[in-house]
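Visitor: For the record, the sequence lines run as chains A and B. Its first residue numbered 234, the first sequence is counted upward by one per residue in this note's numbering. Its first residue numbered 23, the second sequence is counted upward by one per residue in this note's numbering.
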Amino acid sequence: KNEVEQSPQNLTAQEGEFITINCSYSVGISALHWLQQHPGGGIVSLFMLSSGKKKHGRLIATINIQEKHSSLHITASHPRDSAVYICAARSNFGNEKLTFGTGTRLTIIP
Amino acid sequence: KAGVTQTPRYLIKTRGQQVTLSCSPISGHRSVSWYQQTPGQGLQFLFEYFSETQRNKGNFPGRFSGRQFSNSRSEMNVSTLELGDSALYLCASSFFPSTDTQYFGPGTRLTVL
Numbered sequence: 234k235n236e237v238e239q240s241p242q243n244l245t246a247q248e249g250e251f252i253t254i255n256c257s258y259s260v261g262i263s264a265l266h267w268l269q270q271h272p273g274g275g276i277v278s279l280f281m282l283s284s285g286k287k288k289h290g291r292l293i294a295t296i297n298i299q300e301k302h303s304s305l306h307i308t309a310s311h312p313r314d315s316a317v318y319i320c321a322a323r324s325n326f327g328n329e330k331l332t333f334g335t336g337t338r339l340t341i342i343p
Numbered sequence: 023k024a025g026v027t028q029t030p031r032y033l034i035k036t037r038g039q040q041v042t043l044s045c046s047p048i049s050g051h052r053s054v055s056w057y058q059q060t061p062g063q064g065l066q067f068l069f070e071y072f073s074e075t076q077r078n079k080g081n082f083p084g085r086f087s088g089r090q091f092s093n094s095r096s097e098m099n100v101s102t103l104e105l106g107d108s109a110l111y112l113c114a115s116s117f118f119p120s121t122d123t124q125y126f127g128p129g130t131r132l133t134v135l
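1) Leaving out five residues before and five after L65 (chain B) in sequence, what residues of the same chain have Cβ atoms less than 6 Å from its Cβ?
2) According to DSSP, simplified to helix, strand and coil, what is R313 (chain A)?
3) Within this structure, are the beta carbons of S55 (chain B) and P119 (chain B) separated by less than 9 Å?
4) Should A309 (chain A) go down as buried or exposed, given a rule of 16 or more other Cβ atoms within 10 Å for buried?
5) Going by CA-CA distance only, name the one from A:V317, A:R323, A:G334 that's closest to N243 (chain A).
6) For S96 (chain B) and G88 (chain B), I'd like the C-alpha separation in whole angstroms.
7) Within the same chain, show all residues whose beta-carbon is closer than 6 Å to that of S259 (chain A), passing over the 5 residues directly before and after it, in chain order.
8) Output the boundary residues of the beta strand (DSSP E) element that contains Q269 (chain A).
9) Less than 9 Å between the beta carbons of R344 (chain A) and H266 (chain A), yes or no?
10) Give the range of the beta strand (DSSP E) segment to which I307 (chain A) is assigned.
11) Contact between the stretch 246-256 of chain A and the stretch 300-314 of chain A is defined here as three or more beta-carbon pairs at a separation below 8 Å; is this criterion met?
12) Since G274 (chain A) meets chain B, which of its residues come closer than 8 Å, beta carbon to beta carbon?
13) Using a Cβ-Cβ cut-off of less than 8 Å, list which residues of the stretch 73-91 of chain B approach chain A; keep chain order.
14) DSSP on L135 (chain B), reduced to helix/strand/coil?
15) If contact means a Cβ-Cβ distance below 8 Å, which residues of the stretch 274-304 of chain A contact chain B?
16) Which partner residues of S96 (chain B) appear in the DSSP bridge assignment?
17) Counting only C-beta atoms, is A321 (chain A) closer than 9 Å to chain B at any point?
18) If you measure from the beta carbon of T335 (chain A) to each beta carbon in chain D, is any gap under 9 Å?
19) Using only alpha-carbon positions, find the residue among B:R131, B:S116, B:T102 that is nearest to E70 (chain B).
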C-alpha cells in the first residue's frame, strides 16, 4: 500500500462544476502539499498546509490530521483548470522526505 | 524575480554514460531539492540540499549524486546510465527546507538509449 493515496485517478467534469480531489496518507506528517502539473511538465505549488483550511481564489484545500486525509476543491471549474493534481506528504520524522501521490488527471469540458 | 532554471532542458544519452544536470534556484533561496518523475513510478524524491549540505536522500542507488555550491546552485550527476533512468528530473527551491513552499523548475527530460 502506498504511503500516499489519491482518488480519483481520473476526473472529467463540465465547466462550472464543483471538483473534489482526495488524498489519504498513512505516515505522520509535518505538512501536506498540493501541486498542479500542466502538460509539458511544469509544476506549480498550490498549497502547503499542516492544519485546517486554506483558500486561494477558486481553490480550497483542507486537511484532517486525525483522519490523515486532505481534500482539494475547485469551485466554478474552468477548462484552464485541466491538469494533473498531485498531493505530497512531508514526513515528520527521519529524513523529512516528501512522498507523492500518483496524481489525479482532471479534464474540464467547456 | 526570475524563477528556478534548469539546464539543459533536454538530453539524450546512451547506456553507460554519465550526465550532469544543473539547477539555479530563485535568488535568495538556499534550499534545493531534486525529484525524478517517470510514468511508472510518478514523482520520487532524490535529495535535498541546504547551505551546501545534503540534508536528505531518497531511495536511489549510489549512481545518483548531487552537490550544492556556495551560490546555492545545485548539480546532480548520474553515472553509468541505465535505460530506466529515462525520466523528467525536476528541481525545486525554497528559502528553508521542509517548512517552506517549494518553487519548481521546468525540468530536464533525460532520455537514455
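Using N, Cα and C, we set each Cβ at its ideal position, and we do this for glycine too.
Guide: On the basis of the supplied data:
1) Within the second sequence, residue 65 (chain B) is the residue found at index 43, counting from 1. Result list for L65 (chain B): Y57, Q59, in chain order.
2) Taking the first sequence and counting its residues from 1, the one referred to as residue 313 (chain A) is at position 80. DSSP, read as helix, strand or coil, puts R313 (chain A) in helix.
3) Position 33 of the second sequence, counted from the start, is the residue given in the question as residue 55 (chain B). Position 97 of the second sequence, counted from the start, is the residue given in the question as residue 119 (chain B). It is a contact, given that the beta carbons lie within the stated cut-off.
4) Working through the first sequence from its first residue, we reach residue 309 (chain A) at position 76. A309 (chain A) counts as exposed, since fewer than 16 other C-beta atoms from the protein chains shown sit within 10 angstroms of its C-beta.
5) In the first sequence, counting from the first residue as 1, residue 243 (chain A) sits at position 10. Comparing Cα positions, the closest option is A:V317.
6) Sequence index remark: in the second sequence, residue 96 (chain B) carries index 74 (1-based). Sequence index remark: in the second sequence, residue 88 (chain B) carries index 66 (1-based). Those two C-alpha atoms are separated by around 7 Å.
7) Position 26 of the first sequence, counting from 1, holds the residue named residue 259 (chain A). E236, listed in sequence order.
8) As a working note, residue 269 (chain A) is residue 36 in the first sequence. First-last of the beta strand (DSSP E) with Q269 (chain A): 262-270.
9) Coverage of chain A is limited to positions 234 through 343, which leaves residue 344 (chain A) absent and any answer about it impossible.
10) As a position in the first sequence, residue 307 (chain A) is number 74, starting the count at 1. Segment 302-307, the beta strand (DSSP E) holding I307 (chain A).
11) Contact between the stretch 246-256 of chain A and the stretch 300-314 of chain A is present, because at least three Cβ pairs lie under 8 Å.
12) Counted from its first residue, the first sequence places residue 274 (chain A) at position 41. Residues of chain B passing the Cβ test: Q59, L110, L112, P128, G129, R131.
13) Cβ contacts with chain A: R77, N78, K79, G80.
14) Start at 1 with the first residue of the second sequence, and residue 135 (chain B) comes out as number 113. L135 (chain B) falls in the coil class under three-state DSSP.
15) For the stretch 274-304 of chain A, the beta-carbon criterion of a distance under 8 Å to any beta-carbon of chain B is satisfied by G274, G275, I276, V277, S278, M281.
16) Locating residue 96 (chain B) in the second sequence gives position 74, where the first residue counts as 1. Looking at the DSSP assignment, S96 (chain B) forms a beta bridge with B:C45, B:Q90.
17) If you number the first sequence from 1, residue 321 (chain A) lands on position 88. For A321 (chain A), a Cβ of chain B is located within less than 9 Å of the residue's own Cβ.
18) Any reference to chain D falls outside this structure, whose protein chains are A and B.
19) Along the second sequence, read from residue 1 onward, the residue named residue 70 (chain B) stands at position 48. For E70 (chain B), the nearest C-alpha among the options comes from B:S116.
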